[in-house]
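In our numbering, the protein residues as written are 1 to 404.
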(Lines of atoms letter the chains of each structure in order from A and count residues from 1; the text may use other names and numbers.)
(Lines give C-alpha, C1' and ligand atoms only; values in the text may rest on other atoms or scores of the structure.)
Protein backbone atom coordinates (compact mmCIF):
# COMPACT_ATOMS: atom_id res chain seq x y z
CA UNK A 1 0.00 0.00 0.00
CA UNK A 2 1.11 3.63 -0.43
CA UNK A 3 3.64 4.95 2.05
CA UNK A 4 2.70 7.35 4.85
CA UNK A 5 2.38 11.10 4.15
CA UNK A 6 4.98 13.52 5.48
CA UNK A 7 4.55 15.16 8.85
CA UNK A 8 3.78 18.85 9.04
CA UNK A 9 1.78 21.59 10.69
CA UNK A 10 -2.01 21.30 10.81
CA UNK A 11 -3.57 22.97 7.78
CA UNK A 12 -6.44 25.48 8.21
CA UNK A 13 -9.82 23.84 7.70
CA UNK A 14 -10.81 26.51 5.18
CA UNK A 15 -7.57 26.18 3.19
CA UNK A 16 -6.60 29.83 3.62
CA UNK A 17 -3.01 30.86 2.92
CA UNK A 18 -0.86 33.53 4.60
CA UNK A 19 -1.12 36.96 3.02
CA UNK A 20 2.62 36.91 2.39
CA UNK A 21 2.30 33.72 0.33
CA UNK A 22 -0.39 35.24 -1.87
CA UNK A 23 1.44 38.54 -2.31
CA UNK A 24 3.86 37.08 -4.83
CA UNK A 25 1.29 35.47 -7.11
CA UNK A 26 2.10 36.61 -10.60
CA UNK A 27 5.82 37.00 -9.93
CA UNK A 28 6.29 33.30 -10.67
CA UNK A 29 4.63 30.91 -13.07
CA UNK A 30 1.46 29.12 -11.95
CA UNK A 31 0.40 25.55 -12.81
CA UNK A 32 -2.23 23.00 -11.85
CA UNK A 33 -1.77 19.30 -11.12
CA UNK A 34 -4.67 16.83 -10.98
CA UNK A 35 -4.06 13.50 -9.22
CA UNK A 36 -6.26 10.66 -10.46
CA UNK A 37 -5.78 7.81 -7.96
CA UNK A 38 -7.22 4.90 -9.93
CA UNK A 39 -5.37 1.99 -11.57
CA UNK A 40 -6.55 -1.24 -13.17
CA UNK A 41 -3.81 -3.14 -11.32
CA UNK A 42 -0.85 -2.34 -9.10
CA UNK A 43 2.58 -2.86 -10.65
CA UNK A 44 5.02 -4.84 -8.54
CA UNK A 45 7.35 -1.89 -7.91
CA UNK A 46 4.64 0.73 -7.28
CA UNK A 47 4.17 2.55 -3.97
CA UNK A 48 2.41 5.57 -5.48
CA UNK A 49 -0.83 6.91 -4.07
CA UNK A 50 -3.04 4.85 -6.33
CA UNK A 51 -5.74 2.26 -5.77
CA UNK A 52 -7.26 -0.64 -7.67
CA UNK A 53 -10.95 -1.48 -7.56
CA UNK A 54 -10.14 -4.42 -5.30
CA UNK A 55 -8.24 -2.16 -2.89
CA UNK A 56 -11.07 0.37 -2.77
CA UNK A 57 -13.83 -2.20 -2.49
CA UNK A 58 -17.24 -0.68 -1.94
CA UNK A 59 -15.94 2.06 0.37
CA UNK A 60 -18.41 4.96 0.45
CA UNK A 61 -17.01 8.01 -1.28
CA UNK A 62 -14.34 6.08 -3.20
CA UNK A 63 -16.16 5.88 -6.53
CA UNK A 64 -15.11 7.75 -9.64
CA UNK A 65 -18.25 9.88 -9.49
CA UNK A 66 -17.52 10.90 -5.90
CA UNK A 67 -13.93 11.68 -6.87
CA UNK A 68 -14.99 13.87 -9.79
CA UNK A 69 -17.40 15.87 -7.65
CA UNK A 70 -14.71 16.36 -5.01
CA UNK A 71 -12.14 17.65 -7.51
CA UNK A 72 -14.66 20.19 -8.80
CA UNK A 73 -15.22 21.30 -5.21
CA UNK A 74 -11.47 21.66 -4.68
CA UNK A 75 -11.23 23.71 -7.86
CA UNK A 76 -13.78 26.10 -6.36
CA UNK A 77 -11.78 26.16 -3.12
CA UNK A 78 -8.61 27.02 -5.03
CA UNK A 79 -10.36 29.89 -6.75
CA UNK A 80 -11.60 31.30 -3.44
CA UNK A 81 -8.24 30.95 -1.68
CA UNK A 82 -6.06 32.27 -4.49
CA UNK A 83 -8.25 35.04 -5.84
CA UNK A 84 -6.65 36.50 -8.95
CA UNK A 85 -3.88 34.32 -10.36
CA UNK A 86 -1.71 34.64 -13.45
CA UNK A 87 -2.64 32.60 -16.52
CA UNK A 88 -2.04 28.90 -15.95
CA UNK A 89 1.12 27.83 -17.78
CA UNK A 90 0.56 24.08 -17.56
CA UNK A 91 -1.97 21.49 -16.41
CA UNK A 92 -0.81 17.96 -15.69
CA UNK A 93 -3.07 14.97 -15.01
CA UNK A 94 -1.09 12.25 -13.22
CA UNK A 95 -1.71 9.26 -11.06
CA UNK A 96 -2.49 6.55 -10.86
CA UNK A 97 -3.79 6.25 -14.37
CA UNK A 98 -5.82 9.32 -15.39
CA UNK A 99 -7.10 7.46 -18.43
CA UNK A 100 -8.93 5.04 -16.14
CA UNK A 101 -11.57 7.78 -16.16
CA UNK A 102 -13.90 7.86 -19.17
CA UNK A 103 -12.68 10.35 -21.77
CA UNK A 104 -15.71 12.65 -21.27
CA UNK A 105 -14.97 12.76 -17.53
CA UNK A 106 -11.30 13.61 -18.04
CA UNK A 107 -12.22 16.20 -20.63
CA UNK A 108 -14.88 17.52 -18.27
CA UNK A 109 -12.28 18.17 -15.58
CA UNK A 110 -10.21 20.14 -18.06
CA UNK A 111 -13.29 22.12 -19.10
CA UNK A 112 -13.97 22.91 -15.44
CA UNK A 113 -10.42 24.19 -15.06
CA UNK A 114 -10.86 26.42 -18.10
CA UNK A 115 -14.08 27.83 -16.63
CA UNK A 116 -12.39 28.75 -13.34
CA UNK A 117 -8.87 29.72 -14.43
CA UNK A 118 -7.45 31.55 -17.42
CA UNK A 119 -5.06 29.36 -19.40
CA UNK A 120 -2.01 30.96 -20.97
CA UNK A 121 -1.83 30.94 -24.77
CA UNK A 122 -0.22 27.67 -25.85
CA UNK A 123 -0.56 26.25 -22.33
CA UNK A 124 0.86 22.74 -21.97
CA UNK A 125 -1.98 20.30 -21.15
CA UNK A 126 -0.64 16.82 -20.35
CA UNK A 127 -2.03 13.52 -19.23
CA UNK A 128 -0.29 10.33 -18.28
CA UNK A 129 -1.59 7.10 -19.79
CA UNK A 130 -0.75 3.44 -19.83
CA UNK A 131 -0.63 1.85 -23.28
CA UNK A 132 -3.48 -0.55 -22.50
CA UNK A 133 -5.75 2.20 -21.10
CA UNK A 134 -6.45 4.14 -24.31
CA UNK A 135 -7.53 3.57 -27.89
CA UNK A 136 -7.89 5.76 -30.97
CA UNK A 137 -11.36 7.04 -30.10
CA UNK A 138 -10.34 7.89 -26.53
CA UNK A 139 -7.30 9.85 -27.72
CA UNK A 140 -9.38 11.76 -30.25
CA UNK A 141 -11.75 12.83 -27.47
CA UNK A 142 -8.85 14.07 -25.36
CA UNK A 143 -7.48 16.22 -28.18
CA UNK A 144 -10.95 17.62 -28.83
CA UNK A 145 -11.15 18.55 -25.13
CA UNK A 146 -7.87 20.47 -25.33
CA UNK A 147 -5.13 18.04 -24.32
CA UNK A 148 -1.95 18.54 -26.36
CA UNK A 149 0.67 16.37 -24.64
CA UNK A 150 0.63 12.63 -23.86
CA UNK A 151 3.01 10.99 -21.39
CA UNK A 152 3.01 7.25 -22.05
CA UNK A 153 4.27 4.61 -19.62
CA UNK A 154 6.40 2.49 -21.94
CA UNK A 155 8.95 1.38 -19.27
CA UNK A 156 10.66 -1.25 -21.48
CA UNK A 157 10.59 -2.77 -24.95
CA UNK A 158 11.47 -6.25 -23.63
CA UNK A 159 8.67 -8.64 -22.58
CA UNK A 160 10.74 -10.23 -19.81
CA UNK A 161 11.45 -6.85 -18.22
CA UNK A 162 7.80 -5.82 -18.45
CA UNK A 163 6.90 -9.11 -16.78
CA UNK A 164 9.21 -8.60 -13.80
CA UNK A 165 7.81 -5.07 -13.41
CA UNK A 166 4.28 -6.54 -13.65
CA UNK A 167 3.28 -4.24 -16.48
CA UNK A 168 0.22 -5.33 -18.46
CA UNK A 169 0.96 -4.07 -21.97
CA UNK A 170 2.99 -5.68 -24.74
CA UNK A 171 5.90 -3.84 -26.39
CA UNK A 172 4.00 -3.61 -29.65
CA UNK A 173 1.10 -1.83 -28.01
CA UNK A 174 3.27 1.25 -27.32
CA UNK A 175 3.98 1.79 -31.02
CA UNK A 176 0.30 1.41 -31.81
CA UNK A 177 -0.73 4.02 -29.23
CA UNK A 178 1.91 6.48 -30.43
CA UNK A 179 0.58 6.11 -33.97
CA UNK A 180 -2.98 6.63 -32.74
CA UNK A 181 -1.95 9.67 -30.67
CA UNK A 182 -0.28 11.27 -33.69
CA UNK A 183 -3.36 10.63 -35.81
CA UNK A 184 -5.57 12.12 -33.09
CA UNK A 185 -3.52 15.33 -33.12
CA UNK A 186 -1.26 15.19 -30.08
CA UNK A 187 1.58 17.59 -30.78
CA UNK A 188 3.90 16.28 -28.09
CA UNK A 189 4.49 12.72 -26.88
CA UNK A 190 6.71 11.67 -24.00
CA UNK A 191 7.79 8.10 -23.27
CA UNK A 192 8.71 6.94 -19.76
CA UNK A 193 11.39 4.26 -19.39
CA UNK A 194 12.71 2.40 -16.33
CA UNK A 195 16.21 0.94 -16.17
CA UNK A 196 17.93 -1.41 -13.76
CA UNK A 197 15.11 -3.92 -13.32
CA UNK A 198 15.96 -7.47 -12.25
CA UNK A 199 16.70 -9.66 -15.31
CA UNK A 200 17.33 -6.61 -17.54
CA UNK A 201 20.53 -6.99 -19.55
CA UNK A 202 22.60 -4.28 -21.19
CA UNK A 203 21.21 -5.44 -24.53
CA UNK A 204 17.65 -5.15 -23.19
CA UNK A 205 18.26 -1.54 -22.19
CA UNK A 206 19.84 -0.72 -25.55
CA UNK A 207 16.81 -2.23 -27.28
CA UNK A 208 14.42 -0.17 -25.15
CA UNK A 209 16.23 3.05 -26.00
CA UNK A 210 16.41 2.28 -29.70
CA UNK A 211 12.76 1.23 -29.81
CA UNK A 212 11.71 4.42 -28.06
CA UNK A 213 13.72 6.52 -30.50
CA UNK A 214 12.15 4.72 -33.45
CA UNK A 215 8.80 6.18 -32.34
CA UNK A 216 10.14 9.77 -32.60
CA UNK A 217 8.84 11.13 -29.29
CA UNK A 218 9.48 14.76 -28.47
CA UNK A 219 10.47 13.86 -24.92
CA UNK A 220 11.84 10.87 -22.99
CA UNK A 221 12.18 10.21 -19.27
CA UNK A 222 14.46 7.46 -17.95
CA UNK A 223 14.22 6.55 -14.28
CA UNK A 224 16.36 4.16 -12.30
CA UNK A 225 14.27 1.48 -10.63
CA UNK A 226 13.94 1.86 -6.88
CA UNK A 227 12.72 -0.97 -4.67
CA UNK A 228 10.31 0.48 -2.13
CA UNK A 229 9.37 -1.18 1.14
CA UNK A 230 5.96 -2.79 1.11
CA UNK A 231 5.86 -3.49 -2.62
CA UNK A 232 5.59 -6.94 -4.15
CA UNK A 233 8.96 -6.44 -5.82
CA UNK A 234 10.58 -5.73 -2.44
CA UNK A 235 9.09 -8.95 -1.11
CA UNK A 236 10.46 -10.91 -4.07
CA UNK A 237 13.92 -9.45 -3.52
CA UNK A 238 13.73 -10.29 0.19
CA UNK A 239 12.83 -13.89 -0.64
CA UNK A 240 15.75 -14.12 -3.07
CA UNK A 241 13.52 -14.68 -6.08
CA UNK A 242 15.04 -11.78 -8.02
CA UNK A 243 18.19 -9.71 -7.62
CA UNK A 244 18.21 -6.35 -5.89
CA UNK A 245 19.54 -3.04 -7.19
CA UNK A 246 23.06 -2.89 -8.60
CA UNK A 247 24.03 0.79 -8.37
CA UNK A 248 27.07 0.44 -10.60
CA UNK A 249 24.93 -1.22 -13.24
CA UNK A 250 22.36 1.55 -12.98
CA UNK A 251 25.10 4.16 -13.46
CA UNK A 252 26.20 2.31 -16.60
CA UNK A 253 22.61 2.26 -17.87
CA UNK A 254 22.29 6.00 -17.27
CA UNK A 255 25.46 6.69 -19.22
CA UNK A 256 24.22 4.56 -22.11
CA UNK A 257 20.97 6.54 -22.11
CA UNK A 258 22.86 9.82 -22.30
CA UNK A 259 25.11 8.54 -25.09
CA UNK A 260 22.26 7.14 -27.19
CA UNK A 261 19.79 9.97 -26.67
CA UNK A 262 22.25 12.83 -27.10
CA UNK A 263 23.47 11.26 -30.33
CA UNK A 264 19.86 11.34 -31.53
CA UNK A 265 19.52 15.05 -30.76
CA UNK A 266 17.88 14.89 -27.34
CA UNK A 267 19.27 17.19 -24.64
CA UNK A 268 19.50 15.97 -21.04
CA UNK A 269 17.86 19.12 -19.63
CA UNK A 270 17.19 17.52 -16.22
CA UNK A 271 18.86 14.50 -14.65
CA UNK A 272 16.14 12.02 -15.67
CA UNK A 273 14.69 13.85 -18.68
CA UNK A 274 15.70 14.36 -22.31
CA UNK A 275 13.94 16.45 -24.95
CA UNK A 276 14.25 17.72 -28.47
CA UNK A 277 14.89 21.49 -28.63
CA UNK A 278 11.92 23.41 -27.28
CA UNK A 279 10.10 20.26 -26.13
CA UNK A 280 11.06 20.27 -22.45
CA UNK A 281 8.18 19.47 -20.09
CA UNK A 282 7.07 22.90 -18.94
CA UNK A 283 5.10 21.49 -16.03
CA UNK A 284 8.08 19.72 -14.53
CA UNK A 285 10.27 22.76 -15.15
CA UNK A 286 7.79 24.69 -13.01
CA UNK A 287 8.54 22.33 -10.12
CA UNK A 288 12.31 22.50 -10.55
CA UNK A 289 12.35 26.29 -10.92
CA UNK A 290 10.29 26.88 -7.80
CA UNK A 291 7.10 28.19 -9.42
CA UNK A 292 3.67 28.02 -7.78
CA UNK A 293 1.19 25.21 -8.32
CA UNK A 294 -2.01 23.85 -6.82
CA UNK A 295 -2.37 20.08 -6.70
CA UNK A 296 -5.92 18.74 -6.84
CA UNK A 297 -7.02 15.29 -5.72
CA UNK A 298 -6.15 12.77 -3.00
CA UNK A 299 -2.52 12.92 -1.92
CA UNK A 300 -1.73 15.84 -4.23
CA UNK A 301 0.96 18.31 -3.13
CA UNK A 302 0.85 22.07 -3.67
CA UNK A 303 3.22 25.02 -3.32
CA UNK A 304 2.36 28.71 -3.28
CA UNK A 305 4.71 31.43 -2.12
CA UNK A 306 6.81 29.25 0.14
CA UNK A 307 3.86 27.38 1.65
CA UNK A 308 3.74 23.69 0.84
CA UNK A 309 0.79 21.43 1.67
CA UNK A 310 -0.49 17.95 0.88
CA UNK A 311 -3.96 16.45 0.73
CA UNK A 312 -5.29 13.44 2.59
CA UNK A 313 -4.32 10.36 0.62
CA UNK A 314 -7.30 8.01 0.50
CA UNK A 315 -10.06 8.85 -1.99
CA UNK A 316 -12.70 8.13 0.66
CA UNK A 317 -11.17 10.66 3.09
CA UNK A 318 -10.65 13.20 0.32
CA UNK A 319 -14.24 13.08 -0.89
CA UNK A 320 -15.57 13.21 2.68
CA UNK A 321 -13.63 16.38 3.44
CA UNK A 322 -14.74 18.07 0.25
CA UNK A 323 -18.37 17.05 0.83
CA UNK A 324 -18.12 18.56 4.31
CA UNK A 325 -16.90 21.90 2.99
CA UNK A 326 -13.41 21.43 4.40
CA UNK A 327 -9.99 21.82 2.84
CA UNK A 328 -8.58 18.41 1.87
CA UNK A 329 -5.14 19.42 3.16
CA UNK A 330 -3.76 17.01 5.75
CA UNK A 331 -0.73 19.09 6.68
CA UNK A 332 1.46 21.92 5.51
CA UNK A 333 4.84 23.58 5.90
CA UNK A 334 5.64 27.28 5.82
CA UNK A 335 9.20 27.38 4.54
CA UNK A 336 11.68 29.79 6.05
CA UNK A 337 13.93 31.91 3.84
CA UNK A 338 16.76 29.44 4.47
CA UNK A 339 14.57 26.43 3.67
CA UNK A 340 13.43 28.03 0.42
CA UNK A 341 17.05 28.67 -0.50
CA UNK A 342 18.04 25.05 0.19
CA UNK A 343 15.12 23.82 -1.90
CA UNK A 344 16.09 26.17 -4.73
CA UNK A 345 19.62 24.75 -4.77
CA UNK A 346 18.42 21.13 -4.46
CA UNK A 347 16.07 21.49 -7.41
CA UNK A 348 17.96 24.00 -9.53
CA UNK A 349 21.15 21.98 -9.73
CA UNK A 350 19.20 19.07 -11.20
CA UNK A 351 18.68 21.15 -14.32
CA UNK A 352 21.26 21.40 -17.09
CA UNK A 353 20.87 25.19 -16.92
CA UNK A 354 22.01 25.03 -13.29
CA UNK A 355 21.98 28.05 -11.01
CA UNK A 356 23.26 31.59 -11.21
CA UNK A 357 26.40 31.68 -9.07
CA UNK A 358 24.96 34.73 -7.32
CA UNK A 359 22.20 32.53 -5.86
CA UNK A 360 24.76 30.74 -3.68
CA UNK A 361 26.08 32.20 -0.46
CA UNK A 362 29.82 32.97 -0.22
CA UNK A 363 30.28 29.88 1.96
CA UNK A 364 28.44 27.67 -0.55
CA UNK A 365 30.45 29.15 -3.41
CA UNK A 366 33.65 28.28 -1.57
CA UNK A 367 32.44 24.69 -1.20
CA UNK A 368 32.34 24.38 -5.00
CA UNK A 369 36.13 24.13 -5.13
CA UNK A 370 36.20 20.43 -4.34
CA UNK A 371 33.46 19.34 -6.78
CA UNK A 372 35.01 21.53 -9.49
CA UNK A 373 38.42 19.92 -8.94
CA UNK A 374 36.78 16.49 -8.99
CA UNK A 375 35.15 17.24 -12.35
CA UNK A 376 31.63 17.07 -10.92
CA UNK A 377 30.69 20.74 -11.25
CA UNK A 378 31.48 23.31 -13.94
CA UNK A 379 31.34 27.10 -13.71
CA UNK A 380 30.23 28.55 -17.04
CA UNK A 381 29.29 32.17 -17.75
CA UNK A 382 28.48 32.84 -14.11
CA UNK A 383 26.39 29.70 -13.68
CA UNK A 384 26.91 26.55 -11.60
CA UNK A 385 26.18 23.34 -13.52
CA UNK A 386 26.65 19.66 -12.85
CA UNK A 387 28.88 17.89 -15.35
CA UNK A 388 27.88 14.54 -16.83
CA UNK A 389 29.91 12.83 -14.11
CA UNK A 390 28.25 15.07 -11.53
CA UNK A 391 24.78 14.03 -12.64
CA UNK A 392 25.61 10.43 -11.78
CA UNK A 393 26.41 11.58 -8.23
CA UNK A 394 23.98 14.49 -8.07
CA UNK A 395 22.61 13.95 -4.57
CA UNK A 396 26.07 13.68 -3.05
CA UNK A 397 27.40 16.69 -4.95
CA UNK A 398 24.49 18.88 -3.88
CA UNK A 399 24.90 17.77 -0.27
CA UNK A 400 28.55 18.85 -0.43
CA UNK A 401 27.56 22.29 -1.66
CA UNK A 402 24.92 22.69 1.04
CA UNK A 403 26.97 20.89 3.72
CA UNK A 404 24.01 18.64 4.54
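Think of the CB as a built atom: it goes at the ideal place given N, C-alpha and C, for glycine as much as any other residue.
### Contacting residues, own chain, Cβ-Cβ under 7 Å from residue 1 (five flanking each side not counted)
Reading the chain shown from its first residue, position 1 is the one you call residue 1. Any reading at residue 1 is ruled out, since the residue's pLDDT is 40, under 50, leaving its predicted position unreliable.
### Task
Might you give, ordered along the chain, the residues of its own chain that have their beta carbon closer than 8 Å to the beta carbon of residue 400, omitting 5 neighbours on each side?
The residue given as residue 400 occupies position 400 in the chain shown. Once the five neighbours on either side are set aside, the close Cβ partners of residue 400 are 367, 370, 371.
### Message
Please classify residue 241 as buried or exposed, where buried requires at least 16 neighbouring CB atoms within 10 angstroms.
### Response
Residue mapping note: residue 241 aligns to position 241 of the chain shown, counting from 1. Around the C-beta of residue 241, fewer than 16 other C-beta atoms lie within 10 Å, and the residue is accordingly described as exposed.
### Nearest-angstrom Cα separation, counted from residue 46 out to residue 100
For this step, residue 100 is matched to residue 100 along the chain shown. For this step, residue 46 is matched to residue 46 along the chain shown. For residue 100 and residue 46, the distance between alpha carbons rounds to 17 Å.
### Proximity below 9 Å, CB of residue 157 to CB of residue 171
Locating residue 157 in the chain shown gives position 157, counting from the first residue. Locating residue 171 in the chain shown gives position 171, counting from the first residue. Result yes, Cβ atoms of residue 157 and residue 171 sit closer than 9 Å.
### Message
Distance check for residue 163 and residue 199, CA to CA, integer angstroms please.
### Response
What you label residue 199 is simply residue 199 of the chain shown in a count that begins at 1. What you label residue 163 is simply residue 163 of the chain shown in a count that begins at 1. When rounded, the distance between both Cα atoms is 10 Å.
### Query
Could you check where the alpha helix (DSSP H) with residue 76 kicks off and where it finishes?
The residue you call residue 76 lines up with position 76 of the chain shown. It spans 64-82 - the alpha helix (DSSP H) in which residue 76 sits, taken as one unbroken run.
#### Entry: Of the listed residues 192, 152, 207, 26, nearest to residue 225 (C-alpha basis)
Locating residue 225 in the chain shown gives position 225, counting from the first residue. Ranking the options by Cα distance to residue 225, first place goes to 192.
### Message
Please return the same chain residues whose Cβ sits closer than 7 Å to the Cβ of residue 382, not counting the five positions on each side in sequence.
### Response
Translated into the one-based positions of the chain shown, residue 382 becomes position 382. Answer for residue 382: 356, 357, listed in chain order.
### Query
According to DSSP, is residue 374 helix, strand or coil?
For the purposes of this step, residue 374 is taken as residue 374 along the chain shown, with counting starting at 1. The answer is coil: DSSP assigns residue 374 none of H, G, I, E or B.
### Query
Contact check, residue 96 vs residue 39 under 8 Å by CB: the rounded distance?
Here residue 96 corresponds to residue number 96 of the chain shown, with the count starting at 1. Here residue 39 corresponds to residue number 39 of the chain shown, with the count starting at 1. With a Cβ gap of about 6 Å, residue 96 and residue 39 count as contacting.
### Task
Use the C-beta contact count for residue 404: other C-beta atoms within 10 angstroms, 16 or more gives buried, fewer gives exposed.
On the chain shown, position 404 is the one that residue 404 refers to. Answer is exposed; the Cβ neighbour count stays below 16.
### Query
So, helix, strand or coil for residue 242, using DSSP?
Numbered from 1 along the chain shown, position 242 holds the residue referred to as residue 242. Coil.
#### Entry: Backbone secondary structure at residue 284 - three-state DSSP
Along the chain shown, one-based indexing puts residue 284 at 284. Residue 284 falls in the helix class under three-state DSSP.
### Task
Please say whether residue 190 and residue 419 have beta carbons closer to each other than 9 Å?
Residue 419 lies beyond the stretch modelled for the chain, which goes from 1 to 404, so this question has no answer here.
### Bounding residues of the alpha helix (DSSP H) (the contiguous stretch that carries residue 163)
For the purposes of this step, residue 163 is taken as the residue at position 163 of the chain shown. That run of the alpha helix (DSSP H) goes 159-165.
### Query
Which parts of the region 167-205 are runs of the beta strand (DSSP E), unbroken and 3 residues or longer, counting only runs that do not cross its ends?
188-195
### Query
Excluding the five sequence neighbours on either side, which residues of its own chain have a C-beta within less than 7 Å of the C-beta of residue 134, listed in chain order?
Along the chain shown, one-based indexing puts residue 134 at 134. Same-chain partners within the cutoff: 99, 177.
### Query
By a C-beta neighbour count over all protein chains shown, 10 Å radius and 16 as the cutoff for buried, is residue 291 buried or exposed?
For the purposes of this step, residue 291 is taken as the residue at position 291 of the chain shown. The residue is buried, with at least 16 neighbouring Cβ atoms inside 10 Å.
### Query
Around the C-beta of residue 127, are 16 or more other C-beta atoms found within 10 angstroms, so that it is buried, or is it exposed?
Walking along the chain shown from the start, residue 127 turns up at place 127. Residue 127 comes out buried.
### Task
Could you pull out every unbroken beta strand (DSSP E) segment of at least 3 residues lying fully inside the region 110-142, listed in chain order?
The qualifying runs are 119-129.
### Message
Taking DSSP's pairing of strands, which residues face residue 308 in a bridge?
### Response
On the chain shown, residue 308 is found 308 positions in, with the first residue counted as 1. According to DSSP, residue 308 bridges with 303, 333.
### Where the alpha helix (DSSP H) through residue 390 begins and ends
For the purposes of this step, residue 390 is taken as residue 390 along the chain shown, with counting starting at 1. It spans 388-392 - the alpha helix (DSSP H) in which residue 390 sits, taken as one unbroken run.
### Message
Less than 9 Å between the beta carbons of residue 387 and residue 402, yes or no?
### Response
Working through the chain shown from its first residue, we reach residue 387 at position 387. Working through the chain shown from its first residue, we reach residue 402 at position 402. No, the Cβ-Cβ distance between residue 387 and residue 402 is not below 9 Å.
### Query
Going by DSSP, which residues form a beta bridge with residue 270?
Residue 270 sits at position 270 when you count from the first residue of the chain shown. Beta-bridge partners assigned by DSSP to residue 270: 273, 351.
### Query
Got a sec, what are the start and stop residues for the beta strand (DSSP E) residue 154 sits in?
Stepping through the chain shown from its first residue, residue 154 is reached at position 154. Start and end: 149-155.
### Message
My output table needs one value for residue 41: the three-state DSSP class, helix, strand or coil.
### Response
Here residue 41 refers to the residue found at position 41 when the chain shown is read from its first residue. Note: residue 41 maps to coil in three-state DSSP.
### Task
Could you pull out every residue in the same chain whose Cβ sits closer than 6 Å to the Cβ of residue 244, ignoring the five residues on either side in sequence?
Locating residue 244 in the chain shown gives position 244, where the first residue counts as 1. Counting only Cβ-Cβ distances below 6 Å, and skipping sequence neighbours, we find 237.
### Simplified DSSP state of residue 250, which is helix, strand or coil
Taking the first residue of the chain shown as 1, we reach residue 250 at position 250. Here residue 250 sits in helix by DSSP.
### Query
Are the region 111-128 and the region 83-95 touching by the rule of at least three beta carbon pairs closer than 8 Å?
As far as the Cβ criterion goes, the region 111-128 touches the region 83-95, which means the pair count is three or higher.
### Message
I'd like to check one pair, residue 307 with residue 70: are the Cβ atoms closer than 9 Å?
### Response
For the purposes of this step, residue 70 is taken as the residue at position 70 of the chain shown. For the purposes of this step, residue 307 is taken as the residue at position 307 of the chain shown. No, they are not a contact pair.
### Query
Mind checking whether residue 14 and residue 261 have CB atoms under 9 Å apart?
Here residue 14 refers to the residue found at position 14 of the chain shown. Here residue 261 refers to the residue found at position 261 of the chain shown. Against a cut-off of 9 Å, the Cβ pair of residue 261 and residue 14 comes out as no contact.
### Message
DSSP three-state label for residue 396, please.
### Response
The residue labelled residue 396 in the question sits at position 396 within the chain shown. Three-state result, residue 396: helix.
### Task
Output the boundary residues of the alpha helix (DSSP H) element that contains residue 317.
Within the chain shown, numbered from 1, the residue matching residue 317 stands at position 317. 315-323 is the span of the alpha helix (DSSP H), which, as asked, contains residue 317.
### Query
In whole angstroms, what separates the C-alpha of residue 109 from that of residue 68?
The residue given as residue 109 occupies position 109 in the chain shown. The residue given as residue 68 occupies position 68 in the chain shown. Taking the straight line joining both Cα atoms gives about 8 Å.
### Query
Is it buried or exposed for residue 80, if we count other Cβ within 10 angstroms and need 16 for buried?
If you number the chain shown from 1, residue 80 lands on position 80. With fewer than 16 other Cβ atoms within 10 Å, it is exposed.
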